[in-house]
Amino acid sequence: MTYNFDPDRWLADRLELLQLRRAAGELDETAYLAARAALERRYEELVARLDGTYRIPDVSE
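Numbering (this note's numbering), first residue to last: 26 to 86.
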């Protein structure tokens, strides 16, 4: 199975959407900061789950 998931790009895309929503007036500063904090927590959880899931086989065996 091949994974092409880039957690950093995922975060950047979602942060950009939040900024656009704030600029459009959909989110005030308090709501923006809360949404951003929730997104960053979710990112940390994603990275923690991805960390160590792929191992390069030892070719010496």
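Using N, Cα and C, we set each Cβ at its ideal position, and we do this for glycine too. Predicted, not measured: the structure shown is a model, and the values here were computed from it.
Does DSSP put residue i in a helix, a strand or coil?
{"i": "Asp49", "result": "Note that residue 49 is Ala in the sequence shown here, rather than Asp. In this structure, Ala49 counts as coil in the three-state DSSP scheme."}
{"i": "Asp83", "result": "coil"}
{"i": "Asp33", "result": "helix"}
First and last residue of the alpha helix (DSSP H) that includes residue i?
{"i": "Val72", "result": "54 to 75"}
Alpha carbons only, please: which of the options is nearest the one belonging to residue i?
{"i": "Trp35", "options": "Gly50, Ser85, Leu71", "result": "Leu71"}
{"i": "Arg46", "options": "Ala37, Tyr57, Asp38", "result": "Tyr57"}
Would you grab the beta carbon distance between residue i and residue j for me? Rounded to a whole angstrom, and I think it's under 8 Å.
{"i": "Gly60", "j": "Leu43", "result": "The sequence given here has Ala at residue 60, not Gly. That belief holds up - the Cβ atoms of Ala60 and Leu43 are roughly 6 Å apart, short of 8 Å."}
{"i": "Pro32", "j": "Leu75", "result": "6 Å"}
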